[in-house]
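Residue numbers (our numbering): 449 to 570.
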């Protein structure tokens, strides 16, 4: 997100550290206006990395289903992808097997002639 702001290029971060407070220490400098205009950060609940600094204007908070005693797992990009797929849908594409097998999401409804267990066996 820093590079996006410095080069006026749209940038998306997933669990990225924010830079509102630290922006004055960067070279080339970063303005609040450029962070608000060119950056977008997806911020899972309880993810410690985005808590490092204040957020810019464009963020999307998402849930984290990791156990409360394992907050560091909220920084896992795969877990975040599962949450985005579960919340927003996956269109006609199947959801990832790991979302149900390892991250606590419900098994998707079958769309063809295979069950979830058949489609997702190791």
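Ideal Cβ positions, reconstructed from N, Cα and C, are used throughout, including at glycine.
DSSP-derived helix/strand/coil call for residue i
i, result
"residue 514", "coil"
"residue 462", "strand"
"residue 492", "strand"
"residue 467", "coil"
"residue 420", "This structure leaves residue 420 out entirely; the chain is present only between 449 and 570."
Selection from the options that minimises the alpha carbon distance to residue i
i, options, result
"residue 482", "567, 553, 452 and 463", "452"
"residue 458", "525, 488, 546 and 472", "488"
"residue 466", "496, 476 and 475", "496"
"residue 512", "504, 490, 543 and 538", "490"
Beta-carbon gap between residue i and residue j smaller than 7 Å
i, j, result
"residue 508", "residue 478", "no"
"residue 450", "residue 501", "no"
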